[in-house]
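Read through the structure below, which is laid out as structure tokens, and then see the notes.
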């Protein structure tokens, strides 16, 4: 993916000293900057969408908690 392209990322939301990060499933850390009103998502799995702004940084457009597959399937009756 090129810088400036739309990007989707899934992983654990982690607070760093000066920024928030998402640790992806492959272990890579992606900087997503400072976001308001996401404290309740810390240390949980999230989906982030935004514009790639650097080697491993994303300008977030959208962030949401990611529900585990088993929980999502049970909520639809599977």
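Residue numbers (this note's numbering): 155 to 232. Positions of the beta carbon are idealized from the N, C-alpha and C atoms, including for glycine. Owing to the predicted nature of the structure, the values given are computational and were not obtained by experimental measurement.
Query	Result
Express the C-alpha separation of residue 216 and residue 160 in angstroms, rounding to a whole number.	11 Å
Between the C-alpha atoms of residue 169 and residue 208, what's the straight-line distance to the nearest angstrom?	19 Å
Using C-beta distances below 8 Å, list every residue in its chain close to residue 214, excluding the 5 sequence neighbours before and after it, in chain order.	186, 187, 189, 202, 203, 204
Rounded to a whole number of angstroms, what is the C-alpha to C-alpha distance between residue 212 and residue 184?	7 Å
Could you tell me if residue 172 is buried or exposed, where buried requires 16 or more neighbouring beta carbons within 10 angstroms of its beta carbon?	exposed
Mark residue 167 as exposed unless 16 or more other C-beta atoms lie within 10 angstroms of its C-beta, in which case mark it buried.	buried
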